[in-house]
Structure formats: structure tokens, C-alpha cells
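For the sequence shown, this note's numbering begins at 2 and goes up steadily by one. Using N, Cα and C, we set each Cβ at its ideal position, and we do this for glycine too. Treat the numbers as computed from the prediction; the structure is a model and nothing was measured.
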Amino acid sequence: MSDILNKPFYKPLCVIWDYLRRPSEMKKADCIAGFGNYNCDIGIRAAELYHQGYAEKVIFSGGLGRNTLGIQSTTEAERFAETAMKHGVPECDILIENRSTNTAENILFTKKLLEENGIFAKTLIAVHQPFMERRIASAFDVTWSEVELLTTSLEIDKPTFFDHAVMYGVTEKMVVEEIVGDFQRMELYADKGWQSRQYIPQEAWDAFNTLVELGYGGQLA
Numbered sequence: 002m003s004d005i006l007n008k009p010f011y012k013p014l015c016v017i018w019d020y021l022r023r024p025s026e027m028k029k030a031d032c033i034a035g036f037g038n039y040n041c042d043i044g045i046r047a048a049e050l051y052h053q054g055y056a057e058k059v060i061f062s063g064g065l066g067r068n069t070l071g072i073q074s075t076t077e078a079e080r081f082a083e084t085a086m087k088h089g090v091p092e093c094d095i096l097i098e099n100r101s102t103n104t105a106e107n108i109l110f111t112k113k114l115l116e117e118n119g120i121f122a123k124t125l126i127a128v129h130q131p132f133m134e135r136r137i138a139s140a141f142d143v144t145w146s147e148v149e150l151l152t153t154s155l156e157i158d159k160p161t162f163f164d165h166a167v168m169y170g171v172t173e174k175m176v177v178e179e180i181v182g183d184f185q186r187m188e189l190y191a192d193k194g195w196q197s198r199q200y201i202p203q204e205a206w207d208a209f210n211t212l213v214e215l216g217y218g219g220q221l222a
């Protein structure tokens, strides 16, 4: 298991991670949507929800983006679909959107592909990384506000998450930098009108600044 608990970045990282989480209580939805990144835990969580009966269809969205371009050769959506099928989701119940390269495209292209397949979703379960739950929800507020969005991720602790990331080909430093960058985008993208504005406590800003000072600013915009 990862030894991150004793590393200087761990405590401030926990503050940001916990702020960025936004888990919803699950209920029946029109579709389960797994959104792109390097982490095949999205496919595992989507399969769990499918087998629990929360939706009859699963869509995976993601081409090769900020955290996978140059690291992986197969698109994010295709890798998630392979993972979900290994966990028992029939191929006939999976849709694949493999062109998007950022969160806004994930949402827009997912909506378009669902509608092309006759699924006009009123309720959608979004599966993402734990620290992307709040960001994906705030992006939906602007990009697809009419859908009722439920957010979720695979339930694992932080050290195990890091272990999985390394298994998927991403370094520990890259994971921390990704989280720091995603936190910055909560305000930056709200300023641009790409996400709804969310309250950010001073404690989270202090943790962000600490991580930048520790050298984890590699994905800052």
C-alpha cells in the first residue's frame, strides 16, 4: 500500500480532496455516465451501479485528454468499457463516446450520443474520480442544467487510490498535481462562465497554496 500518509503533501491534499468530493445518494436514473481520465475505477463503479439496478444503460465518455495523452494509447472511454465488460456489463448496454478531450466536451458529447440513441435523460448518474465530483456537478450546472445529476465514485481510501493510479500508469506526483489543478479550476472556470460558482473555504485555499509551495503546480492553468 502507498506510503503517502507520512509525506508532506498528504495533510493539505486531504483538505482539498474532501472539499472536492460531492457524493450523492443513489437512486434510479436513465443512464450511468462514466467520465474520462486515466482511472479505470470509473468502469468498476459503473458496473457496480449497473448490477445494483440503478440504470439499464451505461455510457463512457473520453478520448485522450490532459492526463492520458502520451501516457495511454487506447481512449479513456474504450478502456472503461473493457473494464465494465470484465465486471459483467453486457456490451449491448454500453455506449462509447471517444472524441472528447475535456470536461465540457465530455458532457456535451454524452448528451448528444444519448439523444442519438433515443435516451433523453432526466436523471443521470455521473461516475468520476472522488476529487472530480464537485467539478463535474458545477460544469453540469452550466452545460446541461436541465438534467438531475447524481455524482459518485468508487469507494476507496486515499492510499489505495494512489496505488490504483500508479497501476494505471500515472505517478504519485502527477496525481497530486492533477488534484491541485482541478481545485484551481473551480474558481478559474467559474470566472470564465464554464462552471457554476462554488463557495471555497479559506482552509482549502490555504491547503492549495501549501501544495503549490511544495512544488505541485505542474497542472496549474
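* Per DSSP, residue 62 is paired with what? -> Within the sequence shown, the letter at position 61 stands for residue 62. DSSP lists 36, 98 as partners of residue 62.
* Find the nearest neighbour of residue 43 within the set 183, 185, 127, 188, judged by alpha-carbon distance. => In the sequence shown, the residue the question calls residue 43 occupies position 42. The shortest C-alpha separation from residue 43 is found at 127.
* **Inter-stretch contact at 8 Å, needing at least 3 Cβ pairs: the stretch 159 to 171 / the stretch 2 to 20** => yes
* Just the Cα atoms here: how many angstroms apart are residue 210 and residue 200? -> To locate residue 210, count along the sequence shown from 1; it is residue 209. To locate residue 200, count along the sequence shown from 1; it is residue 199. Rounded to the nearest angstrom, the gap between the Cα atoms of residue 210 and residue 200 is 17 Å.
* To do: Determine the direct distance from the alpha carbon of residue 143 to that of residue 93, and round the result to whole angstroms.
  => Residue numbering aside, residue 93 sits at position 92 when the sequence shown is read from its first letter. Residue numbering aside, residue 143 sits at position 142 when the sequence shown is read from its first letter. In a straight line, the C-alpha of residue 93 is about 31 Å away from that of residue 143.
* **Check whether residue 196 and residue 105 have beta carbons under 7 Å apart** => Position 195 of the sequence shown holds residue 196. Position 104 of the sequence shown holds residue 105. No; because the gap between Cβ atoms is not below 7 Å, this pair is not in contact.
* CA-to-CA distance, residue 82 to residue 146, given in whole angstroms -> Residue 146 sits at position 145 when you count from the first residue of the sequence shown. Residue 82 sits at position 81 when you count from the first residue of the sequence shown. The C-alpha of residue 82 is placed about 26 Å away from the C-alpha of residue 146.
* Report the three-state DSSP secondary structure of residue 149 (helix, strand or coil). => Along the sequence shown, read from residue 1 onward, the residue named residue 149 stands at position 148. Judged by DSSP in its simplified three-state form, residue 149 adopts strand.
* Asked: Bridge partners of residue 226, per DSSP?
  -> With the chain covering only 2 through 222, there is no way to say anything about residue 226.
* Asked: To which residues of the same chain is residue 25 closer than 7 Å at the C-beta, ignoring the five residues directly before and after it?
  -> For this step, residue 25 is matched to residue 24 along the sequence shown. Same-chain partners within the cutoff: 151, 152, 153.
* Can you have a look at residue 52 and say buried or exposed, based on whether 16 or more other CB atoms are within 10 angstroms of its CB? => On the sequence shown, position 51 is the one that residue 52 refers to. With fewer than 16 Cβ atoms within 10 Å of its Cβ, residue 52 is classed as exposed.
* To do: Please report how far the alpha carbon of residue 168 lies from the alpha carbon of residue 10, in whole angstroms.
  => Your numbering for residue 168 matches position 167 in the sequence shown. Your numbering for residue 10 matches position 9 in the sequence shown. Rounded to the nearest whole angstrom, the C-alpha separation of residue 168 and residue 10 is 20 Å.
* Beta-carbon contacts of residue 166 that lie in its chain and below 6 Å, excluding the five residues immediately before and after -> Residue 166 sits at position 165 when you count from the first residue of the sequence shown. Result list for residue 166: 176, in chain order.
* Asked: Does the distance from the CB of residue 88 to the CB of residue 48 come in under 7 Å?
  -> Counted from its first residue, the sequence shown places residue 88 at position 87. Counted from its first residue, the sequence shown places residue 48 at position 47. Contact: yes.
* Express the C-alpha separation of residue 85 and residue 213 in angstroms, rounding to a whole number. => The sequence position of residue 213 within the sequence shown is 212, counting from 1. The sequence position of residue 85 within the sequence shown is 84, counting from 1. Using only the alpha carbons, I get a separation of about 36 Å.
* Asked: What's the gap between the Cα of residue 70 and the Cα of residue 63?
  -> Indexing the sequence shown from 1 puts residue 70 at position 69. Indexing the sequence shown from 1 puts residue 63 at position 62. Interpretation of residue 70 is limited by its pLDDT of 47, a score under 50 that renders its predicted location unreliable; the figure taken from the coordinates is listed afterwards. If you take the alpha carbons of residue 70 and residue 63, they lie about 11 Å apart.
* If we count the other Cβ atoms within 10 Å of its Cβ and call it buried at 16 or more, is residue 65 buried or exposed? -> On the sequence shown, residue 65 is found 64 positions in, with the first residue counted as 1. By the neighbour-count rule (16 or more Cβ atoms within 10 Å), residue 65 is buried.
* Asked: Taking DSSP as the reference, what is the three-state secondary structure of residue 196?
  -> Start at 1 with the first residue of the sequence shown, and residue 196 comes out as number 195. DSSP places residue 196 in coil when its eight states are reduced to three.
* To do: Output the boundary residues of the alpha helix (DSSP H) element that contains residue 14.
  => Along the sequence shown, read from residue 1 onward, the residue named residue 14 stands at position 13. 11 to 21 is the extent of the alpha helix (DSSP H) around residue 14.
* Asked: Per DSSP, what kind of secondary structure is residue 217 in: helix, strand or coil?
  -> As a working note, residue 217 is residue 216 in the sequence shown. Coil.
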